[in-house]
Amino acid sequence: MPSDSPSAHVHAPNVHALILAGGSGTRFWPLSRRARPKQLLALDGPRSLLQATVDRLAPDVPPARVWICTTAALQDAIRAQLPDVPTDQVLVEPEGRNTAPAIGWSIHRMRQAIGDDIVAVLPADHRIADPRGFRGALAAAARIAVDDDRIVTLGVRPRWAETGYGYLELGDALASAAAGVDARRVARFREKPDADTAQRYFNGGNHLWNAGIFVFRGTTLLRHLARLQPAMAEALEGMADDPDATAARYGQLESISIDYAVMEHLDDIGTVPLDAGWSDLGSWSALDEVLEADADTGSVLHGDALAIDAPDNLIYAEDATVAVVGVSGLAVIQSGDAVLVLPKERAQDVRRVVEMLRAAGRDDRL
Numbered sequence: 033m034p035s036d037s038p039s040a041h042v043h044a045p046n047v048h049a050l051i052l053a054g055g056s057g058t059r060f061w062p063l064s065r066r067a068r069p070k071q072l073l074a075l076d077g078p079r080s081l082l083q084a085t086v087d088r089l090a091p092d093v094p095p096a097r098v099w100i101c102t103t104a105a106l107q108d109a110i111r112a113q114l115p116d117v118p119t120d121q122v123l124v125e126p127e128g129r130n131t132a133p134a135i136g137w138s139i140h141r142m143r144q145a146i147g148d149d150i151v152a153v154l155p156a157d158h159r160i161a162d163p164r165g166f167r168g169a170l171a172a173a174a175r176i177a178v179d180d181d182r183i184v185t186l187g188v189r190p191r192w193a194e195t196g197y198g199y200l201e202l203g204d205a206l207a208s209a210a211a212g213v214d215a216r217r218v219a220r221f222r223e224k225p226d227a228d229t230a231q232r233y234f235n236g237g238n239h240l241w242n243a244g245i246f247v248f249r250g251t252t253l254l255r256h257l258a259r260l261q262p263a264m265a266e267a268l269e270g271m272a273d274d275p276d277a278t279a280a281r282y283g284q285l286e287s288i289s290i291d292y293a294v295m296e297h298l299d300d301i302g303t304v305p306l307d308a309g310w311s312d313l314g315s316w317s318a319l320d321e322v323l324e325a326d327a328d329t330g331s332v333l334h335g336d337a338l339a340i341d342a343p344d345n346l347i348y349a350e351d352a353t354v355a356v357v358g359v360s361g362l363a364v365i366q367s368g369d370a371v372l373v374l375p376k377e378r379a380q381d382v383r384r385v386v387e388m389l390r391a392a393g394r395d396d397r398l
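Counting with the numbering used here, you get residues 33 to 398 for the letters of the sequence shown.
The following block contains the structure:
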C-alpha cells in the first residue's frame, strides 16, 4: 500500500504484537539451522528478519508492547537480538504444536497485561519493502477489529499468479472501514491453487494472498477458540490456571494451524489489502527475487562470490570463496560445513535434503 494512502493515516488503538518466532526455516538450509533459523538471519539487510519485524512496527507498536512466542532453544538468541523487548515478554512455548496452540497459549499468557487490547499476530520471517504502508494497513485493521469486534487479516494484493500461497476470496465491503480503505469480508479461504486456478484468481482481481497476519481482540480469539476447538480451549484454560501443569499437558494438544482450527470456520472475518512489497521469503528463489543483481555479472552475489560468464544465478557465500563459471539459473549456497547447489526453480526441494539428512541421523548438519 503506498505510504500516502488514506489508511496510512488511520488512528489505531493500542496494539500489542505477537510475533511467532519458533520455526526452523528448513527451506533456507544450509544457512538456516536449528540453532540459527531463518528468522534470526540477516538475509536482505543489516538486521535479522526478526529484528526487521520489530523495527517496522515502531513507533505505532513500541518494543514494550511486543511479545515473542518461541522455543527454549532460541530464547537466548532472541533476547540478545531484541534487548528492548521486555524479557518476560519472550514467551517460551513448551514444544511446537503448530500455530493454533501457540497463539491460544500466548494470548492466555498475555491476558493480564493486555486486558481487552488489540493483538496483531505476525510471522517473524517475512519481508516488507514499505514499512509505513504496512503500518497504515495494520492501523486500519486494528480500527475495524475494535469497531466491529471481528478478526481482521491483512491480505496481500497478488503481483503474479502464485501457486505456493493460499488465497482469500473477497466478499462484501465492510461498512466500518475508514474512507479510502477497501476493507472487505473474507468470503472463503482458498487452498494453494494449481496454475490455471491461480491465473484465474489473479486475472479476476477478487482474491488476495493469505499472509498469515491476523488482528483481533485477545478475548475475541479465545471466544472463537472455545466454540470451535473446545478441547484445546479447555486445556489452555487449565494451563493458565495451573502453570505447573503446562509441560505435561501441552504436548497432548492437537497440532493444528490457526487457519484450520478457527479462521476457515468463521463467516465474519474482515480483510484489509496490503500493498507494501510483502514477501514471505519462503525459499532461496524468493530471496533471489528481492535482492538486486550485480550489474556486471547479472547474478545476485553475497559475500566472497565470483561469477564468470554466469548470469541469472544466486551465489551466497557466508564464510568461504565461491566461484561459478559458465552456468546460469542456479542457487549456490555455502554456509559453514555445507554447500547447496540446485536450479532456482527447484528451491522448494531443499526440504528433501533436510529430510534425507534427518533420516540418516546427520543432526550435526541440521
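Every residue gets a Cβ at the ideal spot worked out from N, C-alpha and C, and that includes glycine.
Enumerate in chain order the residues of its own chain whose CB-to-CB distance from Leu75 is below 7 Å, with the five nearest sequence positions on each side excluded. Taking the first residue of the sequence shown as 1, we reach residue 75 at position 43. The answer, listed in chain order, is Leu81, Leu313 and Leu319.
Would you tell me roughly how many angstroms separate the C-alpha atoms of Ser317 and Ala177, rounded to the nearest one? In the sequence shown, the residue the question calls residue 317 occupies position 285. In the sequence shown, the residue the question calls residue 177 occupies position 145. Their backbone Cα atoms lie some 35 Å apart in a straight line.
Using 10 angstroms around the beta-carbon of Pro305, count the other beta-carbons present and answer buried if the total reaches 16, otherwise exposed. On the sequence shown, position 273 is the one that residue 305 refers to. That one is buried.
What are the start and end residues of the beta strand (DSSP E) that includes Tyr199? Stepping through the sequence shown from its first residue, residue 199 is reached at position 167. Start and end: Tyr199 to Ala205.
Straight-line gap, Leu409 to Ile160 (C-alpha atoms, nearest Å): No information on residue 409 is available, as it lies outside the stretch 33 to 398 that the chain covers here.
Tell me where the beta strand (DSSP E) around His334 begins and ends. Locating residue 334 in the sequence shown gives position 302, counting from the first residue. Note, His334: beta strand (DSSP E), Val332 to His334.
First and last residue of the alpha helix (DSSP H) that includes His18? No statement about residue 18 is possible, as the shown extent of the chain runs from 33 to 398 and does not include it.
Could you name each continuous beta strand (DSSP E) segment of 3 residues or more that falls completely within the region 282-306, going from the start of the chain to the end? 302-306
Mind checking which residues open and close the beta strand (DSSP E) that includes Ser138? As a working mapping, residue 138 is identified with position 106 in the sequence shown. Careful: Ser138 lies outside any beta strand (DSSP E), inside the alpha helix (DSSP H) at Thr131 to Ile146.
Could you check the C-alpha separation between Ala349 and Gln113 for me, to the nearest Å? The sequence position of residue 349 within the sequence shown is 317, counting from 1. The sequence position of residue 113 within the sequence shown is 81, counting from 1. Straight-line Cα distance between these residues: approximately 23 Å.
Rank Pro115, Val373 and Ile135 by C-alpha distance to the C-alpha of Ala265 and give the top, closest one. Taking the sequence shown and counting its residues from 1, the one referred to as residue 265 is at position 233. Considering only alpha carbons, the answer is Ile135.
Buried versus exposed call for Glu125 [16 or more other C-beta atoms within 10 Å across all chains shown]: Here residue 125 refers to the residue found at position 93 of the sequence shown. The residue is buried, with at least 16 neighbouring Cβ atoms inside 10 Å.
Tell me whether Trp192 sits in a helix, a strand or coil according to DSSP, three-state version. Stepping through the sequence shown from its first residue, residue 192 is reached at position 160. Coil at Trp192, not helix or strand.
CB contact flag (Asp307, Arg217, <8 Å): Working through the sequence shown from its first residue, we reach residue 307 at position 275. Working through the sequence shown from its first residue, we reach residue 217 at position 185. No; because the gap between Cβ atoms is not below 8 Å, this pair is not in contact.
Local conformation of Trp61 per DSSP, three classes: Position 29 of the sequence shown holds residue 61. The answer is coil: DSSP assigns Trp61 none of H, G, I, E or B.
Check whether chain D comes within 8 Å of Leu202, counting only Cβ atoms and requiring the distance to be less than that. The structure shown contains no chain D; it is built from a single protein chain.
Between the alpha carbons of Arg182 and Leu372, how many angstroms are there, rounded? Numbered from 1 along the sequence shown, position 150 holds the residue referred to as residue 182. Numbered from 1 along the sequence shown, position 340 holds the residue referred to as residue 372. Looking at the two C-alpha atoms, the distance is approximately 45 Å.
Would you mind sorting Ala376 into buried or exposed? The rule is 16 or more other CB atoms within 10 Å of its CB. Residue mapping note: residue 376 aligns to position 344 of the sequence shown, counting from 1. Checking the sequence, you will find Lys at residue 376 rather than Ala. Lys376 should be labelled buried.
With three or more beta-carbon pairs closer than 8 Å as the criterion, would you say the region 335-349 touches the region 222-241? no
So for Leu72, helix, strand or coil by DSSP? By 1-based counting over the sequence shown, the position of residue 72 is 40. The answer is helix: DSSP assigns Leu72 an H, G or I state.
Per the contact definition of three or more C-beta pairs closer than 8 Å, is the region 246-261 in contact with the region 100-119? no
Mark Gly147 as exposed unless 16 or more other C-beta atoms lie within 10 angstroms of its C-beta, in which case mark it buried. For this step, residue 147 is matched to residue 115 along the sequence shown. Exposed, by the Cβ-count rule.
Looking only at its own chain, which residues have a Cβ that is under 7 Å from the Cβ of Leu323, when we skip the five neighbours before and after it? Taking the sequence shown and counting its residues from 1, one reaches residue 323 at position 291. Cβ neighbours of Leu323 beyond the five flanking positions: Asp76 and Val332.
Note down, in chain order, each residue of its chain lying with its Cβ closer than 6 Å to the Cβ of Pro275, except the 5 sequence neighbours on either side. What you label residue 275 is simply residue 243 of the sequence shown in a count that begins at 1. Excluding residues within five positions, none has a Cβ falling inside 6 Å.
If distances are taken between C-alpha atoms only, which option among Arg232, Gln71 and Leu50 comes closest to Asp149? For the purposes of this step, residue 149 is taken as residue 117 along the sequence shown, with counting starting at 1. For Asp149, the nearest C-alpha among the options comes from Leu50.
Boundaries of the alpha helix (DSSP H) in which Gln366 is found, first to last residue: By one-based count along the sequence shown, residue 366 stands at place 334. No alpha helix (DSSP H) contains Gln366, which is instead part of the beta strand (DSSP E) from Leu362 to Ser367.
Taking the beta carbon of Thr85 as the centre, do at least 16 other beta carbons fall within 10 Å, making it buried, or is it exposed? Residue numbering aside, residue 85 sits at position 53 when the sequence shown is read from its first letter. Counting Cβ neighbours within 10 Å, Thr85 comes out buried, since at least 16 surround it.
So is Ala207 buried or exposed if we call it buried at 16+ other beta carbons inside 10 Å? Residue mapping note: residue 207 aligns to position 175 of the sequence shown, counting from 1. Ala207 comes out exposed.
Nearest to Arg191 by CA position, among Gly168, Gly236 and Pro155, is which residue? Within the sequence shown, the letter at position 159 stands for residue 191. The option with the nearest alpha carbon to Arg191 is Gly236.
DSSP-derived helix/strand/coil call for Ile245: By one-based count along the sequence shown, residue 245 stands at place 213. Note: Ile245 maps to strand in three-state DSSP.
Do Gly54 and Gly128 have their C-beta atoms within less than 8 Å of each other? Position 22 of the sequence shown holds residue 54. Position 96 of the sequence shown holds residue 128. In contact: Gly54 and Gly128 (Cβ atoms closer than 8 Å).
Terminal residues of the beta strand (DSSP E) in which Leu338 lies: Along the sequence shown, read from residue 1 onward, the residue named residue 338 stands at position 306. Ala337 to Ile340 is the span of the beta strand (DSSP E), which, as asked, contains Leu338.
In this structure, how does DSSP classify Lys318 when only helix, strand and coil are distinguished? Locating residue 318 in the sequence shown gives position 286, where the first residue counts as 1. The sequence shown places Ala at residue 318, not Lys. Ala318 falls in the helix class under three-state DSSP.
Take Ser360 as the anchor and find which of Arg97, Ala370, Asp351 and Leu374 has the nearest alpha-carbon. As a position in the sequence shown, residue 360 is number 328, starting the count at 1. Among Arg97, Ala370, Asp351 and Leu374, the Cα nearest to that of Ser360 belongs to Leu374.
Taking just the CA atoms, how far does Gln107 sit from Gln366? Here residue 366 refers to the residue found at position 334 when the sequence shown is read from its first residue. Here residue 107 refers to the residue found at position 75 when the sequence shown is read from its first residue. C-alpha separation (whole angstroms): 26 Å.
What is the rounded straight-line gap between the Cα of Glu387 and the Cα of Ala279? Reading the sequence shown from its first residue, position 355 is the one you call residue 387. Reading the sequence shown from its first residue, position 247 is the one you call residue 279. Their backbone Cα atoms lie some 28 Å apart in a straight line.
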